[in-house]
Amino acid sequence: METLNNLRDDWNKRELRERRILIGVAVLVVASLLYLFGIQPAQSNIKDLENSTPALKLQAATMANMAAQYGTLSKTMAENIPPVTREAIESTLTRRNIKTQSLTVSNDIVRFQVNVVAYANLMEWILEMQKAARLGVDEVKLTSLAEPGQVGAVITLRQQRAGN
């Protein structure tokens, strides 16, 4: 309170011309700060947005085109994949020397159990099935065995088709 009174007394002691100059300087400082922290960044951001908008529109159009191509391609690929059969699964497992304890194939779902298999061999077979028959892994239960690199597995795979 005392400081405010001192400032008021100091202000009243100044001449009218000096007060006008100080008011002008204060207005100029406030206007400069307002421009530096409010207007100039906004103008800069607007200019940046105006410059980047055409490129962003082009990217959006490219992405929409790619999405349409992907949709067409995935339908085509799903239509060209024959339904998975027990015989096809058994032949690929036999070729990789994987002996199953149980195997069921129904409605695009493959379930099987293997008591002993090399982990690397099993992973290669799964990759082969993903590429050849579009089988995706739904569920896997692996059990590590005493022999290094050997596992027991219960696996459920689902064929990715146009309808699912």
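Final position of the sequence shown in my numbering is 850; the numbers increase by one with none missing. Note that CB positions come from ideal geometry on N, CA and C, so glycine has one too. As the structure is a computational prediction, the values presented were derived from the model and not from experiment.
Own chain partners of residue i with C-beta closer than 6 Å, once the 5 adjacent residues on each side are dropped
i	result
L789	F798
Y805	G835, V837
V826	I841
Q729	none
CB contact flag (residue i, residue j, <8 Å)
i	j	result
V791	R772	yes
V796	I775	yes
K785	V800	yes
T778	M752	no
Residue i (DSSP reduced to helix, strand or coil)
i	result
R844	strand
G724	helix
A832	coil
N793	coil
N783	coil
V823	strand
Exposure label - residue i; buried when at least 16 CB within 10 Å
i	result
W697	exposed
R820	buried
M749	exposed
L808	buried
Anticipated Cβ contact below 8 Å, residue i with residue j, distance rounded
i	j	result
W811	R782	5 Å
Same chain, Cβ closer than 8 Å to residue i, five either side skipped, listed in chain order
i	result
T829	V837, G838, A839
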